[in-house]
Amino acid sequence: MSKIQNDCLYWPGGRKKAMTLSYDDGITQDIRLIKLFDTYRVKGTFNLNPRLFGAAGKVSLHGKTINHIKNKPEEIPEIYKNYEIAGHGEWHTSMSTMDTARCANEILNCRRDLEGLLGRTITGFAYAFGVTSPKVREALKTSGVRYARTITSTGKFDIPHDFLMWDPTCHHDDEKLFDYADQFLSDKPYLNFETPVKLFYVWGHAYEFDINENWDWMEKFLQKVSGHEDVWYATNGEIERYVRAYRELVFTVDGKYVYNPSAIDVTLGGMFSDSITVAKAGETVRMAPPTDM
């Protein structure tokens, strides 16, 4: 017989499902996408390039050409007022060939400009072109960035070990998008030997809906995944901060008590039971007893 500690991460409210979205480039199509997000009450993060605000261009793909116009700087605070903003590089530059100093310059200038415009801290990032390297990640860490999204789809719902290598579940054009949604919404146990909770992360660019003429695809997806009381709808940063608070918990040697040094309440539960402990911010609490297996 074994005793299993009920010390796994659960999402706020004892939920076992969380969902977040991430969209790049700060383009005019974001306005239409945000209206959908507002309608279905989902949350996400928009990744912007401050030195490209107002730039007008075109994108051609699949024999079709559409506008790729960046929102103007004076429009940004109003458009994204209810959403988290993260960096996408000052100039949307691939940093893989840069030395550390130039990487830091691209990242810090991006942070500085966005923070100055919006009056809030910017601690997230999405890699331009999805390109990263150990050198780039070190520059991000040194520059105070706490999470960064790649474009490598996992097809899974796992929490990243390293938030500077945050791989999404899938792109919104993934042919398995609705299959993933069914798996995510299912109450079937999801075990990865660390926590039974699921994290569904979808990313993309809003202009792709114009190229592929599939705004209805996204709306149907949002209809499917929204409005579930057992799902925590969160920004990228909210998820990173919550997981970091969990990882900073301090347990007594016998596992009977836990101290939460953060400013965020953290919910813990069992891998094979629903015994819940809420570690309140700044408090020490007694853990739920272990489960006999």
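If you use the numbering used here, the sequence shown corresponds to residues 432 to 724, in order.
Even for Gly, the Cβ is constructed at its ideal location relative to N, Cα and C.
Note the first and the last residue of the continuous beta strand (DSSP E) segment covering residue i.
i: R717; result: T715 to R717
i: T554; result: Note, T554: premise wrong, no beta strand (DSSP E); not H, not E.
i: V684; result: V684 -> no beta strand (DSSP E), and no H or E assigned at all.
i: M450; result: K448 to D455
i: V662; result: V662 to Y664
Output the distance between the C-alpha atoms of residue i and residue j, rounded to the nearest integer angstrom.
i: T583; j: F631; result: 14 Å
i: T531; j: S704; result: 47 Å
i: T708; j: D613; result: 29 Å
i: N498; j: I465; result: 18 Å
i: V681; j: K587; result: 29 Å
i: K501; j: A665; result: 25 Å
i: L595; j: D641; result: 30 Å
i: A517; j: G485; result: 18 Å
i: R482; j: K629; result: 36 Å
i: A570; j: E671; result: 19 Å
i: Q436; j: P591; result: 22 Å
i: H493; j: T683; result: 59 Å
i: P599; j: G658; result: 21 Å
i: R551; j: T459; result: 22 Å
i: P565; j: C534; result: 11 Å
Assuming residue i contacts residue j under a Cβ cut-off of 8 Å, what Cβ separation, rounded to an integer in Å, is found between them?
i: R580; j: N667; result: 7 Å
i: W597; j: Y578; result: 6 Å
i: P627; j: K447; result: 6 Å
i: E521; j: N480; result: 7 Å
i: A637; j: R472; result: Not confirmed; about 18 Å, so no contact.
i: F652; j: L608; result: 6 Å
i: D455; j: H519; result: 6 Å
So, residue i versus residue j, is the Cβ gap smaller than 8 Å?
i: M529; j: V656; result: no
i: W442; j: W648; result: no
i: W646; j: S453; result: no
i: L440; j: L699; result: yes
i: D696; j: A719; result: no
i: S617; j: V562; result: no
i: Y514; j: G575; result: no
i: F468; j: Y511; result: no
Are the C-beta atoms of residue i and some chain B residue less than 8 Å apart?
i: T715; result: This model lacks chain B altogether, as it is built from one protein chain only.
Starting from residue i, follow the alpha helix (DSSP H) in both directions and report where the run begins and ends.
i: T531; result: T531 to L549
i: G668; result: N667 to R678
i: N643; result: Y638 to N643
i: T573; result: P565 to T573
i: F468; result: Q460 to Y471
i: Y611; result: L608 to L616
Are three or more beta carbon pairs between the region 490-506 and the region 688-697 nearer than 8 Å? In short, these stretches do not touch, since the Cβ pair count stays below three.
Three or more C-beta pairs below 8 Å linking the region 482-489 and the region 554-565: Result no; under three Cβ-Cβ pairs closer than 8 Å.
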